[in-house]
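S.K.: Would you mind keeping the following structure in view while I ask a few things?
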Amino acid sequence: MLELTAVRVAFPIAGRLVPVVRDVDLSVRPGELLALVGESGCGKSTIARTVVRLERPIAGTVSLDGADVHALRGDALRAYRQAVQMVFQDPFQSLSPRQTVARALAEPLHIHRIGSWAARRRRVAELLELVELDPGLAGRRPRELSGGQRQRVAIARALAVRPRLLICDEPVTALDAPVQATVLNLIRDLVDRLGLGCLFIAHDLAVVRQLADRVAVMYRGRIVESAPTLRLMDAARHPYTQALLAAVPRLDADPSPAPTLRGEMPGPLASIDGCAFNPRCPQAFDRCEAERPQMIVGPCPDESVACHRQNQELA
Amino acid sequence: MTASGAGRRRRTVICALPLLGFVMAGALAPVIAPYDPIANDLMASLARPSVEHLLGTDQLGRDQLSRLLYGAQASLILAAAVLAVSVTVGVVIGAAGGFLGGWPDRVALWLMDVTLTLPSLIVALAILGVRGHGSANLVLALSLTGWPPFARLARGRFVSLRRSAYFDALQVLGASRFRILFQHALPALAAPVLVYASIEIGFIVLSLAFLSFLGLGIPPPEPEWGQMLIDARPYLDSALWLALPPGLAIAAVVLASNLLAEQFATDDLPLVRLGLPRRRARMNGSTAGPYRVEELAVAFAGRKVVDGIGYRVAPGRALAIVGESGSGKTLSTLAPLGLVDATAQVSGRAVLGQVDLLGGGPAIREAVRGRRVGVVLQDARGALNPVRTVGALLDDAVRHAGGVPRGLERARSLELLTMAGLPEPESQVYAYPHSLSGGMCQRVMIALALAGEPEILIADEPTSALDVTTQAQIHALLADLRESTGMGLILISHDIAAAARIADDIAVCYAGRIVENGPAADVVSRPDHPYTRGLLDAVPSPMAVPGTRFRTLPPAEPARRKVGACAFAPRCARAAKRCHVEEPPLEPVAPGHTSACWVRPTVARPIGDEGA
């Protein structure tokens with residue numbers, strides 16, 4: 001349903017346009033939860049924002065069911081706003097401090113002029129039930145809610161207009177560990193029950209393992225590896241994916257700190273020839289500095305990786 | 001220093017009283033004034049204050065009290081008109097600039113800047129000089145230079161709204177600009193505009209009196225305070241009662257509105273006091289021993305948030321205090337250092353070496369902060385002064401810690417940055433915090449905390465705001481530092497998996513108490529308390545089968561905590577009757593491992609053998 005083709009997004013930094021998303025291809029199918037994983041600054045949130053039209057690509061297209069999202073106008077745009085909804089990272093900032101839960105949930109219905117007054121009230125009650133919130137919370141304001149409750153309200157608000165595609169931008173990063181699990185379960189349930197497509201942005205592969213159907217790993221504006229979750233987790237091929245997996249704290253492993261990735265991702269202004277990961281890569285060789293690796297599909301049709309070492313082995 | 005909240009509120013009310021009196025006097029003048037303010041009574045000319053005329057009469061025999069009250073009315077009406085025009089013009093210009101951005105914003109800013117450079121009274125004089133007297137001209141004259149503060153206020157709010165996640169959320173929901181503007185942006189502006197308007201009243205009243213005094217204000221015989229002062233001038237020697245009331249009234253209104261402004265300004269100051277203390281007081285008795293906290297209680301307004309927490313950290317050991325937000329884990333480590341709001345009541349013991357940090361005044365706690373105890377906070381970027389370079393920040397900390405000769409601070413700073421693993425410290429000392437990544441800011445924060453060669457390093461969620469790969473780096477750094485310096489480390493975290501990675505011991509905190517405490521490996525592999533087990537179950541397992549559900553704890557009960565019961569009982573799957581009536585004490589379950597739970601299965605199951 002959602003299709004990104006060679007999408008490039010750039011921001012003006014220090015007087016020139018600097019690409020932060022570089023030629024990204026991505027697709028989300030109905031009923032599928034695709035996780036997009038990477039460090040902060042890699043461009044994953046920009047992709048989410050581009051899909052919901054908060055940013056515009058300078059090249060490439062985002063399309064929903066074949067229609068170019070950024071060319072939509074009038075009624076078609078209105079319909080798109082209903083079809084695609086987003087849950088933001090920090091529910092405290094994405095909800096109005098002055099609105100009660102009931103008003104926040106009714107707001108999208110007002111905006112899209114859906115239903116009568118009574119129908120809206122029923123829908124609000126329905127939504128509270130859908131996200132497993134106590135109906136007694138309807139009169140509360142965000143500051144009277146816990147972090148987990150706030151994020152449930154934000155999810156309910158996104159679902160109010162019955163979208164087909166849900167974009168989640170690190171929805172549990174701002175929450176405590178035990179609360180994270182409950183919100184993640186809720187998101188997965190909703191995706192399954194309502195048959196939604198879901199693009200889930202995360203920086204933590206541990207979260208994604210039980211949640212996602214497919215994972216795409218992003219580094220410095222590009223997708224470097226994409227595979228069904230289990231394949232990616234158990235047989236990661238890109239050295240960056242392997243490093244992300246090694247960084248996850250494990251209870252069963254040796255308690256001493258795991259060997260970690262050296263250094264940090266270079267900023268968008270730095271110019272790097274060849275593979276963007278080569279300065280930090282333990283497996284880099286001379287070709288990695290000279291030439292940028294292309295995404296090569298295989299061995300299964302659902303898997304692809306952009307790494308010279310892997311591509312060598314495949315060939 | 002921060003005053004208590006009650007004192008601040010009292011002062012705000014006191015400042016607001018004269019303004020309230022002014023508004024009441026103006027509004028009720030026709031009802032409460034004993035005489036007609038412009039009715040002459042030459043028989044009673046220049047009468048002294050008496051029962052008949054409480055404030056006396058002027059040269060035309062007009063009652064001064066009535067004139068004062070009606071004068072308030074005139075000022076009030078004009079002030080309201082000036083404010084109405086200023087607020088409307090200001091909010092429209094500021095909101096247009098802030099909301100639209102781009103060239104409208106530049107035009108709005110230019111207009112504000114130009115207007116703010118104009119001296120308002122001179123502009124008013126010029127306008128009244130050209131257009132003549134009259135209330136309409138007065139309003140025009142004062143509004144012309146009165147709108148920029150409101151424009152700035154509106155612009156500021158709208159710009160921050162335009163950059164907020166909330167604005168993004170509304171756009172994604174499909175809200176029109178019109179709706180965002182009238183349903184969300186403007187209502188949010190009402191409170192600050194009202195506050196600022198109450199402050200402006202003083203200036204408007206003063207300006208009116210000034211213009212009337214120059215004969216450009218409200219024309220006589222209508223009563224007006226400035227006009228009353230001119231009328232009183234010839235009689236300053238013989239009839240002082242004429243000049244005093246209007247003079248005092250003007251002074252009171254102006255003073256009150258200025259004090260109110262001051263009050264609002266200081267109210268907004270953040271209450272966090274993490275700054276380095278100025279006083280230097282070296283303390284003896286720093287023989288390395290464990291840092292012991294015992295029976296620590298912290299209460300706000302009588303409500304206990306930390307209730308009898310105890311823990312100990314030996315040199316070179318790492319203790320992790322784990323719990324959800326609001327469990328008291330942060331307070332239990334920062335309270336002994338005096339890093340809590342002044343309204344908190346803190347009791348208990350916190351023994352470092354031979355000193356009880358809670359056994360005396362704030363000087364004891366100030367003396368150890370930044371020296372014997374270092375603190376690393378979650379939001380490193382927010383905790384670093386944005387206008388100082390990394391080098392300047394570290395030099396300050398080194399100087400504060402003492403022991404380094406003057407002029408050699410920079411060398412020590414470089415050494416500390418190297419220890420904290422900041423790449424290229426020689427060039428980074430010239431960088432400002434905003435140009436560093438989150439991980440680098442955290443390294444600078446750690447370097448700052450190391451300046452005093454602390455015996456104890458407290459790290460409060462040092463990695464929660466960081467990427468997983470950076471988290472792993474910071475964890476490794478903390479573990480290395482602990483080994484190389486021999487300091488004790490206290491890690492505060494909501495993530496038990498991260499805690500297990502670096503800590504020797506784990507203390508699990510729930511509702512202001514420690515419910516389980518023991519060696520990290522023990523706690524993680526053989527948890528006794530059901531809450532600890534719940535925390536562990538909630539950790540996403542690297543072995544989990546994709547598509548299975550995350551294991552969760554039952555949600556927290558919003559209900560108030562029952563006294564004399566286990567706080568976890570309402571969420572606990574194995575709670576028995578006893579749990580609801582009696583609070584379990586910490587009891588040993590294995591060597592060095594304690595837990596506070598009444599219901600203990602006879603055979604402890606190893607974790608992970610429950611079905612998913």
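Which chain is which? The protein sequence lines are A and B, in order. Under the UniProt record's numbering, the first residue of the first sequence carries the number 1, and numbering increases by one thereafter. Under the UniProt record's numbering, the first residue of the second sequence carries the number 1, and numbering increases by one thereafter. The beta-carbon is built from N, C-alpha and C at its ideal position, and this holds for glycine as well.
How many whole angstroms separate the CB atoms of Gly174/B and Arg81/A, which I take to be in contact at a CB cut-off of 8 Å?
M.R.: In the second sequence, residue 174/B corresponds to position 174, counting from 1. In the first sequence, residue 81/A corresponds to position 81, counting from 1. Rounded, the Cβ-Cβ distance is 3 Å, consistent with contact.
S.K.: Return helix, strand or coil for Ile296/A, following the three-state DSSP convention.
M.R.: As a working note, residue 296/A is residue 296 in the first sequence. DSSP places Ile296/A in strand when its eight states are reduced to three.
S.K.: Could you tell me which residues DSSP puts in a beta bridge with Cys509/B?
M.R.: Your numbering for residue 509/B matches position 509 in the second sequence. Paired residues: Ile514/B.
S.K.: Go ahead and pull the three-state DSSP assignment for Arg312/B.
M.R.: As a working mapping, residue 312/B is identified with position 312 in the second sequence. The answer is strand: DSSP assigns Arg312/B an E or B state.
S.K.: Name, please, each residue of chain B whose Cβ falls closer than 7 Å to the Cβ of Phe277/A.
M.R.: Along the first sequence, one-based indexing puts residue 277/A at 277. Chain B residues near Phe277/A: none, gap ~12 Å exceeds 7 Å.
S.K.: Give me the Cβ distance between Val9/A and Ile58/A, rounded to the nearest whole Å; I'm assuming they're in contact under 8 Å.
M.R.: By one-based count along the first sequence, residue 9/A stands at place 9. By one-based count along the first sequence, residue 58/A stands at place 58. Their Cβ separation, rounded to whole angstroms, is 7 Å, which keeps Val9/A and Ile58/A in contact under 8 Å.
S.K.: On a Cα-Cα basis, can you pick out the residue from Gln93/A, Cys307/A, Arg193/A that is closest to Ala174/A?
M.R.: If you number the first sequence from 1, residue 174/A lands on position 174. Per the Cα distances, Gln93/A.
S.K.: In terms of residue numbering, what span does the beta strand (DSSP E) encompassing Arg214/A cover?
M.R.: On the first sequence, position 214 is the one that residue 214/A refers to. First-last of the beta strand (DSSP E) with Arg214/A: 214-219.
S.K.: Answer with buried or exposed for Ser4/B, where buried requires no fewer than 16 other C-beta atoms within 10 angstroms of its C-beta.
M.R.: The count along the second sequence starts at 1 and reaches residue 4/B at position 4. Any reading at Ser4/B must be qualified, since the residue scores a pLDDT of 46, below 50, and its modelled position is unreliable; no value is offered.
S.K.: Say whether chain A places a C-beta atom closer than 8 Å to the C-beta of Asp267/B.
M.R.: Reading the second sequence from its first residue, position 267 is the one you call residue 267/B. Residue confidence is low: Asp267/B scores 47 on pLDDT, short of 50, so the model does not pin down where it sits. No coordinate-derived value is stated.
S.K.: In whole angstroms, give me the CA-to-CA distance for Leu586/B and Pro570/B.
M.R.: Against the second sequence, residue 586/B aligns to sequence position 586. Against the second sequence, residue 570/B aligns to sequence position 570. When rounded, the distance between both Cα atoms is 19 Å.
S.K.: What's the C-alpha gap between Glu225/A and Pro282/A?
M.R.: By 1-based counting over the first sequence, the position of residue 225/A is 225. By 1-based counting over the first sequence, the position of residue 282/A is 282. Cα-Cα distance, rounded: 17 Å.
S.K.: Sort out for me which residues DSSP pairs Val599/B with in a bridge.
M.R.: On the second sequence, residue 599/B is found 599 positions in, with the first residue counted as 1. In the DSSP output, where bridge partners are listed per residue, Val599/B has none listed.
S.K.: Just tell me which of Arg157/B, Val429/B, Gln442/B, Met43/B has its CA closest to the CA of Asp379/B.
M.R.: The residue you call residue 379/B lines up with position 379 of the second sequence. Closest option to Asp379/B, Cα to Cα, is Gln442/B.
S.K.: Am I right that Ile155/A and Met86/A are in contact with their C-beta atoms under 8 Å? What's the rounded C-beta distance?
M.R.: Against the first sequence, residue 155/A aligns to sequence position 155. Against the first sequence, residue 86/A aligns to sequence position 86. Actually they are not in contact, since the Cβ atoms of Ile155/A and Met86/A sit about 10 Å apart, beyond 8 Å.
S.K.: Where are the alpha helix (DSSP H) runs, 4 residues long or more, that stay fully inside the stretch 522-591 of chain B, in chain order?
M.R.: DSSP runs (the alpha helix (DSSP H)) wholly in the stretch 522-591 of chain B: 530-538.
S.K.: Are the C-beta atoms of Gln171/B and some chain A residue less than 8 Å apart?
M.R.: Translated into positions along the second sequence, residue 171/B becomes position 171. Answer yes: the Cβ-Cβ gap between Gln171/B and chain A drops below 8 Å somewhere.
S.K.: Tell me Met86/A's beta-bridge partners as DSSP assigns them.
M.R.: For the purposes of this step, residue 86/A is identified with residue 86 of the first sequence, where counting begins at 1. In DSSP, Met86/A forms a bridge with Ile167/A.
S.K.: Run through DSSP, which three-state label would Arg53/A get?
M.R.: On the first sequence, position 53 is the one that residue 53/A refers to. Of the three classes helix, strand and coil, the one that applies to Arg53/A here is coil, per DSSP.
S.K.: If you draw a straight line from the alpha carbon of Ala320/B to that of Asp495/B, how long is it in whole angstroms?
M.R.: As a working note, residue 320/B is residue 320 in the second sequence. As a working note, residue 495/B is residue 495 in the second sequence. About 10 Å.
S.K.: By Cβ distance, which residues of its chain are closer than 7 Å to Ala592/B, with the 5 residues on each side in sequence left out?
M.R.: Sequence index remark: in the second sequence, residue 592/B carries index 592 (1-based). A quick correction: the sequence has Gly, not Ala, at residue 592/B. Taken in chain order, the residues that qualify are Gly518, Pro519.
S.K.: Looking at the unbroken beta strand (DSSP E) that takes in Ile321/B, where does it start and where does it end?
M.R.: For this step, residue 321/B is matched to residue 321 along the second sequence. Unbroken beta strand (DSSP E) run through Ile321/B: 318-322.
S.K.: At a cut-off of 7 Å, would you count Gly298/A as near the ligand COA, judging by its Cβ distance to the nearest heavy atom?
M.R.: Among the ligands in the structure shown, none appear at all, so the ligand COA cannot be discussed.
S.K.: Pull the bridge partners of Leu2/A from the DSSP assignment, please.
M.R.: Indexing the first sequence from 1 puts residue 2/A at position 2. In the DSSP output, where bridge partners are listed per residue, Leu2/A has Val28/A, Leu64/A.
S.K.: Using a cut-off of 9 Å between C-beta atoms, extract the partners of Leu439/B located in chain A.
M.R.: Here the question's residue 439/B lines up with position 439 in the second sequence. Strictly speaking, residue 439/B in this sequence is Gly, with Leu absent from that position. What Gly439/B touches in chain A: Glu264.
S.K.: State the start and end residues of the unbroken alpha helix (DSSP H) segment that holds Leu33/A.
M.R.: In the first sequence, residue 33/A corresponds to position 33, counting from 1. Premise fails: Leu33/A lies in the beta strand (DSSP E), 33-37, not in any alpha helix (DSSP H).
S.K.: Which one or two residues does DSSP pair with Thr57/B in a beta bridge?
M.R.: Working through the second sequence from its first residue, we reach residue 57/B at position 57. Per DSSP, Asp63/B.
S.K.: Output needed in chain order: residues of the stretch 469-489 of chain B with a Cβ under 8 Å from some Cβ in chain A.
M.R.: So the close ones are Thr469, Thr470, Gln471, Ala472, Gln473, His475, Ala476, Ala479.
S.K.: What is the residue span of the beta strand (DSSP E) that Glu225/A lies within?
M.R.: Position 225 of the first sequence holds residue 225/A. Looking at the DSSP string, the run of the beta strand (DSSP E) that includes Glu225/A is 222-228.
S.K.: Is it buried or exposed, Ile250/B, if we count other Cβ atoms within 10 angstroms and call 16 or more buried?
M.R.: Counted from its first residue, the second sequence places residue 250/B at position 250. Result: buried.
S.K.: With Val7/A and Val21/A assumed to form a contact (beta carbons below 8 Å), what rounded beta-carbon distance in angstroms separates them?
M.R.: Counting from 1 along the first sequence, the entry for residue 7/A is found at position 7. Counting from 1 along the first sequence, the entry for residue 21/A is found at position 21. Indeed they touch by this definition, with Cβ atoms about 6 Å apart.
S.K.: To the nearest angstrom, how far is the alpha carbon of Val398/B from that of Pro405/B?
M.R.: Looking up residue 398/B in the second sequence gives position 398. Looking up residue 405/B in the second sequence gives position 405. Val398/B and Pro405/B: Cα-Cα distance of roughly 10 Å.
S.K.: What's the C-alpha gap between Leu536/B and Leu457/B?
M.R.: The residue you call residue 536/B lines up with position 536 of the second sequence. The residue you call residue 457/B lines up with position 457 of the second sequence. Approximately 26 Å, taken between the alpha carbons.
S.K.: Closest to Val207/A by CA distance: which of Gly197/A, Glu170/A, Tyr240/A is it?
M.R.: By one-based count along the first sequence, residue 207/A stands at place 207. Checking every option, the nearest Cα to that of Val207/A belongs to Glu170/A.
S.K.: Short of 7 Å in beta carbon distance, which residues of its chain neighbour Glu294/B, apart from the five on each side in sequence? Order them along the chain.
M.R.: Taking the first residue of the second sequence as position 1, residue 294/B is located at position 294. Cβ within range, chain order: Gly310, Gly348, Arg349.
S.K.: On the CB-based measure, 16 or more other CB atoms within 10 Å of its CB, does Gln428/B come out buried or exposed?
M.R.: What you label residue 428/B is simply residue 428 of the second sequence in a count that begins at 1. With 16 or more Cβ atoms within 10 Å of its Cβ, Gln428/B is classed as buried.
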